[in-house]
Amino acid sequence: MKYTQTTLDKLETVVEEAGYVLRYERGTFQSGYCILEERKVVVLNKFLQLEGRINTMLDLIPQLEINTELLSEESKKLYKEVILKITEGNVK
7 MKYTQTTLDK
17 LETVVEEAGY
27 VLRYERGTFQ
37 SGYCILEERK
47 VVVLNKFLQL
57 EGRINTMLDL
67 IPQLEINTEL
77 LSEESKKLYK
87 EVILKITEGN
97 VK
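For the sequence shown, position 89 (counting from the first letter as 1) is numbered 95 according to this note's numbering, and the numbering increases by one without interruption.
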């Protein structure tokens, strides 16, 4: 996966299409993000650089409850790609 603004935008779209509110704010985040499940809000550390934001989104997306029926075709494809990479990473 390329570390570009376009990649970050696509990852953000997956989260937003799933019904989550995505915010970049300041705070003391151990992992670079915080999930408020009941409110479907995800807060990411606004001081992360592009590569850090993408890596954080890649860590975050598999932890969210995402109904793929809500996603556009492009977002479904990216979501499946992210999940596959995580699954392959755990096998090795």
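Where a beta carbon is used, it is the ideal one built from N, C-alpha and C, also for glycine.
In this structure, residue 20 lies near residue 72, with their beta-carbon atoms less than 9 Å apart.
The beta carbon of residue 14 sits closer than 6 Å to the beta carbons of 59 and 60 from its chain, once the five residues preceding and following it are set aside; these are given in chain order. For residue 75, no beta strand (DSSP E) run applies, since DSSP gives it neither H nor E. Apart from sequence neighbours up to five positions away, the residues of its chain that approach residue 82 with a beta-carbon distance below 8 Å are 74, ordered along the chain. In this structure, DSSP gives residue 50 an extended state, which the three-state scheme calls strand. Judged by their CB atoms, residue 50 and residue 28 are nearer to each other than the 9 Å cut-off. With distances taken between CA atoms, residue 52 lies nearest to 38 out of 68, 38 and 84.
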